[in-house]
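Numbering (this note's numbering), first residue to last: 14 to 91. Ideal Cβ placement from N, Cα and C applies to all residues, glycine included. One structure is given below, encoded as structure tokens.
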């Protein structure tokens, strides 16, 4: 699940974001049944998550902060 969608859900319900989406698509359900990552479908999912470590690291606060810092550095170098 995308981080933006988690924020959107959190804003509507005024609750902390959850990893459980309201509805799983057919493809996501098939991936979960096979034990694959819901995000990419290529790697096995972790035992405590529906995402593989690569997909899981994309939407963490630390990852987002790193992307912001990289963009800042690119802007200030020009």
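Query raised in the report: If you draw a straight line from the C-alpha of residue 76 to the C-alpha of residue 86, how long is it?
Result: As a working mapping, residue 76 is identified with position 63 in the chain shown. As a working mapping, residue 86 is identified with position 73 in the chain shown. The alpha-carbon separation between residue 76 and residue 86 amounts to approximately 15 angstroms.
Requested in this report: Run the proximity test for residue 67: is its beta-carbon closer than 7 angstroms to any non-hydrogen atom belonging to the ligand NAP?
Outcome: For the ligand NAP, the structure offers nothing, since it holds no ligand at all.
Query raised in the report: Going straight from the alpha carbon of residue 27 to that of residue 61, what length do you get?
Result: Taking the first residue of the chain shown as 1, we reach residue 27 at position 14. Taking the first residue of the chain shown as 1, we reach residue 61 at position 48. With a pLDDT of 44 at residue 27, under the threshold of 50, the modelled position of that residue is not reliable, and the figure given next carries that caveat. C-alpha separation (whole angstroms): 25 angstroms.
**Report entry** residue 116 versus residue 74 - alpha carbon distance
**Finding:** Within the shown structure, residues of the chain are numbered from 14 to 91, placing residue 116 beyond reach of any answer.
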